[in-house]
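In what follows, a single structure is set out as structure tokens and then discussed.
Residue numbers (my numbering): 4 to 101.
Given below as structure tokens:
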């Protein structure tokens with residue numbers, strides 16, 4: 004049985020936004036920890052739920068959280084519009100390889 008699913012379905016987009024925001028929040032937390040002893044440093048904070056809600060209600064932009072191409076071989080956002088993922092269901096084999 005083959006099931007086709009668009010990579011950019013609504014559910015996938017929501018999960019992608021949540022992961023991006025969580026990653027950004029972890030970066031802010033790491034920065035706060037690394038600057039703990041820095042004189043005058045003010046800790047930063049990201050409200051995950053509020054940021055995710057804002058991202059879900061927006062036009063799809065993540066307010067500064069976006070894909071960045073760091074190498075020429077990486078796919079950009081425009082290169083992923085026509086990608087389909089195919090899921091194949093097959094019976095499990097008892098050969099230790101799955």
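We put the CB at the ideal spot given by N, CA and C, even for glycine.
In this text, all values refer to a predicted model and were calculated from it rather than measured experimentally.
{"Query": "Straight-line gap, residue 33 to residue 21 (C-alpha atoms, nearest Å)", "Result": "18 Å"}
{"Query": "Between the CA atoms of residue 72 and residue 50 - distance to the nearest angstrom", "Result": "26 Å"}
{"Query": "Host alpha helix (DSSP H) of residue 56 (start-end)", "Result": "51-60"}
{"Query": "Presumed contact (8 Å Cβ cut-off) between residue 35 and residue 17, rounded CB distance", "Result": "Incorrect: roughly 27 Å between the Cβ atoms, too far for contact."}
{"Query": "As assigned by DSSP and simplified to three states, the class of residue 38", "Result": "coil"}
{"Query": "Where residue 72 falls: helix, strand or coil (DSSP)", "Result": "coil"}
{"Query": "Span separating the alpha-carbon of residue 15 from that of residue 27", "Result": "18 Å"}
{"Query": "Beta-carbon proximity of residue 31 to residue 48, cut-off 8 Å", "Result": "yes"}
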